[in-house]
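In this note's numbering, the protein residues as written are 1174 to 1583. Glycine is no exception: its CB is placed at the ideal position from the N, C-alpha and C atoms.
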Ligand SMILES: Cc1cc2nc3c(=O)[nH]c(=O)nc-3n(C[C@H](O)[C@H](O)[C@H](O)COP(=O)(O)O)c2cc1C
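What follows is the structure, encoded as structure tokens:
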């Protein structure tokens, strides 16, 4: 069975007029922050697609809390330290990275940019960073391995109700030499994402009067899609959904995932996957301890970017207790709301080994394909370097709790 779409043309950017490409390059050059990439993405994408990327669950209180948590911490700078050379390198899962960051798995990237998964994977590889490909990617496991051959690739899997299909995906990632497997545990069902409901956005995509009008408002985006074809979730080709089980009122995301998935199942996956394994979506310190007991190599403290349980704590706020429970036993990553280089310093000061970023790359790739994804990573790295220099921190190993101001407002 083929795991790829016939119309696929790989990582090559869809051809567009030289004038359009030049305009895009100029816009990216003048994007000075992740927020400005977000602005470009908002102007480029139909509302339904932008909202799918940007939004969270229900009142979006956890989504907002993720950002607010970073704002509650301050960095207390030290001066007259030699910061002429800054070293941002470190080891993540035992291998060097250019900075303490990995790209988080985000599904349906192809709606932002044709085969955007490949574009982000290539940008990550060029920046010396790992990329996590999700189950619900729009480029197959094999395509990304083939077209981003210099990138450290991790594969993220959910447990689908059709367990054989899931185990087949994991085997494919193994055959394609993916370095690590991430099992995401925070989706026993989909979060209630009301923006998607309002916009008639679902996966697989279905046309409705409302979203056709919305699409028509973004002719550049429509032209790109017309050239490359409607994105499909390539890993899921051949997957026959179990129609007996549709989700309760929620977005379409999550309806095929198995709510019976439990610790014994996770232990079995650990037994059959021979390489590095991480568990993503951990918020409770006791769950973190169980992940460590299973012999996993890492965990990601995450509330899925505020897209699952609205009311869950900000990821950064959940981090310290998890660090206390398992620090030193496995690598601890945290994601949710990282938008600035200073946020990386704060996460590390609270005990994480690294951060993951999701939306910053979605905004970047939607704003300008691989160059836009590269711009997002460039901005985060440049800000990290500048923050370290302004704070008197010469290397990643020098970051600890002492760099945070004890009197920061809470
Ligand atoms: C559009 C979108 C799709 C996502 N898809 C997945 C997914 O398929 N698997 C997964 O484990 N996490 C998924 N996530 C969550 C991210 O991996 C990550 O936890 C989150 O985006 C981090 O927050 P940030 O976007 O504020 O950086 C998705 C997030 C977004 C925004």
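If we require 3 or more residues per run, which beta strand (DSSP E) segments fall completely within the segment 1481-1560?
The qualifying runs are 1504-1508, 1527-1530.
Might you give, ordered along the chain, the residues of its own chain that have their beta carbon closer than 8 Å to the beta carbon of residue 1391, omitting 5 neighbours on each side?
For the purposes of this step, residue 1391 is taken as residue 218 along the chain shown, with counting starting at 1. Excluding residues within five positions, the ones whose Cβ falls inside 8 Å are 1217, 1218, 1219.
Determine the extent of the beta strand (DSSP E) in which residue 1191 is found, giving its start and end residues.
Translated into positions along the chain shown, residue 1191 becomes position 18. Segment 1191-1202 is the alpha helix (DSSP H) holding residue 1191; no beta strand (DSSP E) there.
Whose C-beta lies closer than 7 Å to the C-beta of residue 1307 among residues of the same chain, with five residues either side of it excluded?
Here the question's residue 1307 lines up with position 134 in the chain shown. Cβ neighbours of residue 1307 beyond the five flanking positions: 1278, 1279, 1280, 1329.
Is it the case that the CB of residue 1226 approaches a heavy atom of ligand 2 more closely than 7 Å?
Absent from the structure shown: ligand 2. Ligands present: ligand 1.
Should residue 1372 be listed as close to ligand 1, given that the test is whether its C-beta is under 7 Å from any heavy atom?
Looking up residue 1372 in the chain shown gives position 199. No, the Cβ of residue 1372 stays beyond 7 Å of every heavy atom of ligand 1.
Mind reading off the beta-carbon distance from residue 1365 to residue 1233? Whole number of angstroms is fine, and I expect it under 8 Å.
The residue you call residue 1365 lines up with position 192 of the chain shown. The residue you call residue 1233 lines up with position 60 of the chain shown. Between residue 1233 and residue 1365 the Cβ distance is about 11 Å, and since that is not below 8 Å, they are no contact.
Between the CA atoms of residue 1477 and residue 1400 - distance to the nearest angstrom:
Counting from one through the chain shown, the residue named residue 1400 turns up at place 227. Counting from one through the chain shown, the residue named residue 1477 turns up at place 304. Whole-angstrom Cα-Cα distance: 32 Å.
Assuming residue 1508 contacts residue 1531 under a Cβ cut-off of 8 Å, what Cβ separation, rounded to an integer in Å, is found between them?
Counting from 1 along the chain shown, the entry for residue 1508 is found at position 335. Counting from 1 along the chain shown, the entry for residue 1531 is found at position 358. 6 Å between Cβ atoms; contact.
Does the contact criterion of 3 or more C-beta pairs under 8 Å hold for the segment 1309-1327 versus the segment 1549-1559?
Contact annotation: the segment 1309-1327 does not touch the segment 1549-1559, with fewer than three C-beta pairs closer than 8 Å.
Compute the distance between the beta-carbons of residue 1488 and residue 1475, then report whether it is under 8 Å.
Residue numbering aside, residue 1488 sits at position 315 when the chain shown is read from its first letter. Residue numbering aside, residue 1475 sits at position 302 when the chain shown is read from its first letter. When the beta-carbon positions are compared, residue 1488 and residue 1475 come within less than 8 Å of each other.
Proximal residues to residue 1236 (C-beta, below 6 Å), its chain only, five neighbours per side dropped:
Walking along the chain shown from the start, residue 1236 turns up at place 63. Closer than 6 Å at Cβ, skipping near neighbours: 1229, 1479.
Please classify residue 1264: does DSSP put it in a helix, a strand, or coil?
For this step, residue 1264 is matched to residue 91 along the chain shown. Here residue 1264 sits in strand by DSSP.
Compute the Euclidean distance between the alpha carbons of residue 1440 and residue 1570, then round it to the nearest angstrom.
In the chain shown, counting from the first residue as 1, residue 1440 sits at position 267. In the chain shown, counting from the first residue as 1, residue 1570 sits at position 397. When rounded, the distance between both Cα atoms is 33 Å.
Could you give the distance in angstroms between the alpha-carbon of residue 1274 and the alpha-carbon of residue 1265?
Counting from one through the chain shown, the residue named residue 1274 turns up at place 101. Counting from one through the chain shown, the residue named residue 1265 turns up at place 92. Going by C-alpha positions, residue 1274 is about 9 Å away from residue 1265.
Simplified DSSP state of residue 1254, which is helix, strand or coil:
Locating residue 1254 in the chain shown gives position 81, counting from the first residue. The answer is coil: DSSP assigns residue 1254 none of H, G, I, E or B.
Per DSSP, residue 1118 forms a beta bridge with which residues?
Since the first and last residues shown for the chain are 1174 and 1583, residue 1118 lies out of range.
According to the neighbour-count rule (16 or more other Cβ atoms, all chains shown, within 10 Å of its Cβ), is residue 1564 buried or exposed?
The residue you call residue 1564 lines up with position 391 of the chain shown. It counts as buried.
If residue 1575 sits next to residue 1408, beta carbons under 8 Å apart, how far is it from one beta carbon to the other, in whole angstroms?
For the purposes of this step, residue 1575 is taken as the residue at position 402 of the chain shown. For the purposes of this step, residue 1408 is taken as the residue at position 235 of the chain shown. Wrong, their Cβ atoms sit about 44 Å apart, outside the cutoff.
CA nearest to the CA of residue 1456, picked from 1491, 1464, 1519:
Locating residue 1456 in the chain shown gives position 283, counting from the first residue. When each option's Cα is compared against that of residue 1456, the closest is 1491.
Inspect the CB distances between the segment 1195-1207 and the segment 1531-1541 and report whether three or more fall short of 8 Å.
The segment 1195-1207 vs the segment 1531-1541: in contact.
Runs of 4 residues minimum, wholly inside the segment 1289-1342: which ones carry the alpha helix (DSSP H) assignment?
Correct list: 1289-1299, 1314-1320.
Extent of the continuous beta strand (DSSP E) to which residue 1370 belongs:
Counted from its first residue, the chain shown places residue 1370 at position 197. From DSSP, residue 1370 is part of no beta strand (DSSP E) but of the alpha helix (DSSP H) over 1367-1372.
Residue 1235 - partner residues in DSSP beta bridges
For the purposes of this step, residue 1235 is identified with residue 62 of the chain shown, where counting begins at 1. None; residue 1235 has no bridge partner.
In the DSSP assignment, find the unbroken alpha helix (DSSP H) run with residue 1448 in it and report its ends.
What you label residue 1448 is simply residue 275 of the chain shown in a count that begins at 1. Neither: residue 1448 is in no alpha helix (DSSP H) and is coded neither H nor E.
I need the DSSP call for residue 1376, collapsed to helix, strand or coil.
The count along the chain shown starts at 1 and reaches residue 1376 at position 203. Annotated three-state conformation of residue 1376 is coil, per DSSP.
Ignore the nearest five residues each way along the sequence and tell me which others in residue 1453's own chain have a CB closer than 6 Å to its CB.
Counting from 1 along the chain shown, the entry for residue 1453 is found at position 280. Result list for residue 1453: 1355, 1357, 1473, 1475, in chain order.
Can you give me the C-alpha to C-alpha distance between residue 1301 and residue 1523, rounded to a whole angstrom?
For this step, residue 1301 is matched to residue 128 along the chain shown. For this step, residue 1523 is matched to residue 350 along the chain shown. Approximately 24 Å, taken between the alpha carbons.
At the level of alpha carbons, what is the spacing between residue 1257 and residue 1249?
For the purposes of this step, residue 1257 is taken as the residue at position 84 of the chain shown. For the purposes of this step, residue 1249 is taken as the residue at position 76 of the chain shown. For residue 1257 and residue 1249, the distance between alpha carbons rounds to 19 Å.
Rounded to the nearest angstrom, what separates residue 1305 and residue 1345 at their Cα positions?
Working through the chain shown from its first residue, we reach residue 1305 at position 132. Working through the chain shown from its first residue, we reach residue 1345 at position 172. Cα to Cα, the separation comes out at about 15 Å.
Quick one, which of 1393, 1240, 1498 has its alpha-carbon nearest residue 1193's?
On the chain shown, position 20 is the one that residue 1193 refers to. The residue with the shortest Cα to Cα distance from residue 1193 is 1393.
Rounded to the nearest angstrom, what separates residue 1432 and residue 1200 at their Cα positions?
For the purposes of this step, residue 1432 is taken as the residue at position 259 of the chain shown. For the purposes of this step, residue 1200 is taken as the residue at position 27 of the chain shown. When rounded, the separation of the alpha-carbon atoms in residue 1432 and residue 1200 is 44 Å.
Residues in the same chain with beta-carbon distance under 6 Å from residue 1283, minus the five sequence neighbours each way, listed in chain order, please.
Here residue 1283 refers to the residue found at position 110 of the chain shown. Residues of the same chain with a CB within less than 6 Å of the CB of residue 1283, apart from the 5 flanking positions on each side, are 1289, 1311, 1404 in chain order.
Cut-off 6 Å between Cβ atoms - residues of its own chain near residue 1298, not counting five sequence neighbours on either side:
To locate residue 1298, count along the chain shown from 1; it is residue 125. Within the same chain, residue 1298 has close Cβ partners 1321, 1323, 1324.
Identify which residue in 1547, 1579, 1573, 1568 has its Cα closest to the Cα of residue 1525.
Numbered from 1 along the chain shown, position 352 holds the residue referred to as residue 1525. When only C-alpha atoms are compared, the closest one is 1573.
Give the C-beta separation of residue 1463 and residue 1353 to the nearest angstrom, bearing in mind that I take them to be a contact with Cβ-Cβ under 8 Å.
Position 290 of the chain shown, counting from 1, holds the residue named residue 1463. Position 180 of the chain shown, counting from 1, holds the residue named residue 1353. Their Cβ separation, rounded to whole angstroms, is 19 Å, which puts residue 1463 and residue 1353 out of contact at 8 Å.
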